[in-house]
Ligand code: SAM
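Numbering (our numbering), first residue to last: 126 to 380.
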């Protein structure tokens, strides 16, 4: 008997129509390499395995790993990596093959660290489809000027096309979560210059959004000079939430 472990953010999908809709959004084709994060009891895994010859899944819960190892072969060629996804080297996982398509109904308690971890490996990722807490998706797609526009919005939008696909109601899961969910698609640009700027951009974003109420000249003290801000067309008296992704990238190129 499988229970739901809160510490692993376990809310299992039980609505077949929602699962089918997610699989249709992913639209797998036979020659692709799909990696699922947090397969759980296989709700999406087994449906995906009906479409592709092989699938790799990363699961931390050893009881669920045992269940998947038992049931997987009935559905297809399932490779399970028993690990914390945050320790998985996606670049090594890709090896010399084609880029990975990463999917998952993510554990909400670690969704932001997972997104930043995947950004570090964006070069080997074709695209990503994730179920996330709706509020997190709202932050991911937020435009400048919006009060929820922040480090996550800029870091992701700088490197990927970010598309909100559709909402999923709490009743689609067991146990029923207290929050709404949404499916989001991320497609990395694979732009070498933008990838090179990821580290300085993150230093800027941590400082800029770590102290949102300060003007940028104060918040970025020691990270970027007023001259560099002016060269990137950023007013030193402005606040971080008003600055476009392109301007943050321009500043990252100067520091
Ligand atoms: N995909 C299943 C579904 O939709 O029914 C389960 C989704 S559940 C929200 C999240 C899954 O991620 C669980 O199976 C949980 O055990 C797994 N998980 C939690 N933390 C993890 C981690 N750090 N690394 C890998 N898997 C993790």
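Ideal Cβ placement from N, Cα and C applies to all residues, glycine included.
- Distances from the alpha-carbon of residue 135 to those of 365, 302, 360 and 183 put 302 closest.
- According to DSSP, residue pairing for residue 253 in a beta bridge involves 227 and 311.
- Minimum Cα-Cα distance from residue 288 among the listed residues 340, 305, 253 and 216 corresponds to 253.
- Boundaries of the alpha helix (DSSP H) around residue 372: 370–377.
- The alpha helix (DSSP H) runs of length 4 or more contained entirely in the segment 139–205 are, from start to end of the chain, 141–151, 170–174 and 187–200.
- Non-local C-beta neighbours of residue 187 in its own chain, meaning closer than 8 Å and more than five positions away in sequence, comprise 207, ordered along the chain.
- Contact between residue 361 and residue 341 holds: CB atoms are separated by about 6 Å, below the 8 Å threshold.
- As computed with DSSP, residue 210 is found in no beta bridge at all.
- Relative to the ligand SAM, residue 137 has its C-beta within less than 6 Å of a heavy atom.
- The DSSP-derived three-state label of residue 350 is coil.
- Annotation for residue 310: 254, 288 and 290 place their beta carbon closer than 6 Å to its own, counting only its chain and skipping 5 residues before and after.
- Secondary structure note for residue 247: it is in no beta strand (DSSP E), with a DSSP letter that is neither H nor E.
- Secondary structure of residue 364 (DSSP, three-state): coil.
- Relative to the ligand SAM, the beta carbon of residue 368 is positioned no closer than 6 Å to any heavy atom.
- Between the alpha carbons of residue 167 and residue 181 lies a gap of roughly 12 Å.
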